[in-house]
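As structure tokens, the structure follows; a few thoughts come after it.
In our numbering, the protein residues as written are 39 to 213.
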């Protein structure tokens, strides 16, 4: 489902069409997933996945705009990746991951404003039948921003670059 309401405005449709080329160039498996239905009148969502990481890319559209957006559009992302213990214990982890997002957006040419987000590190330990899996460490970035234009392909490309950073692929190898 690309949108929540039945007849999406042309501006929203054109913005979604601008994602096509970035999706074709992605290094990750991308698929359409159900979009959140309560955040805006129109929404679309994509999932990116790899062996040790996954992400969501959500496009929200409200013809009236919403407080804090300063736009009709809002991009919302969530990216989560397994990380090594040495990296997880680094006190600068959150700062580094947040900086990676800015670098990825800049490298993709994704103009934005009103950006906000959080970085979380988690440790999980398996028990019972899944005990052989052992413990796992993850870092998760949740962020949202308003794009400067309706051309959204660079924003999806930025998430692609962010996933490369999270999984250990160097951004400069791709750009």
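C-beta atoms are modelled at their ideal positions from N, C-alpha and C, and glycine is treated no differently.
Just so we're clear, the structure is a prediction, and the values are computed from it rather than from any experiment.
query = Per DSSP, which one or two residues make a beta bridge with residue 163?
reply = 173
query = What are the residues that DSSP puts in a beta bridge with residue 87?
reply = 67, 92
request  = Just confirm the distance between the C-beta atoms of residue 86 and residue 202, as a whole number of angstroms; I'd bet it's less than 8 Å.
outcome  = With 8 Å as the limit, residue 86 and residue 202 do not qualify as a contact, their Cβ atoms being about 11 Å apart.
key: Start-to-end residues for the alpha helix (DSSP H) that takes in residue 53   = 48-55
query = Since residue 132 is in the alpha helix (DSSP H), which residue starts that stretch and which ends it?
reply = 131-146
inquiry  = Under DSSP, the alpha helix (DSSP H) around residue 120 begins and ends at which residues?
reply    = That residue, residue 120, is in no alpha helix (DSSP H); its beta strand (DSSP E) goes 111-120.
key: C-alpha distance - residue 118 paired with residue 79, whole-angstrom precision   = 27 Å
query = Got a sec, what are the start and stop residues for the alpha helix (DSSP H) residue 205 sits in?
reply = 191-205
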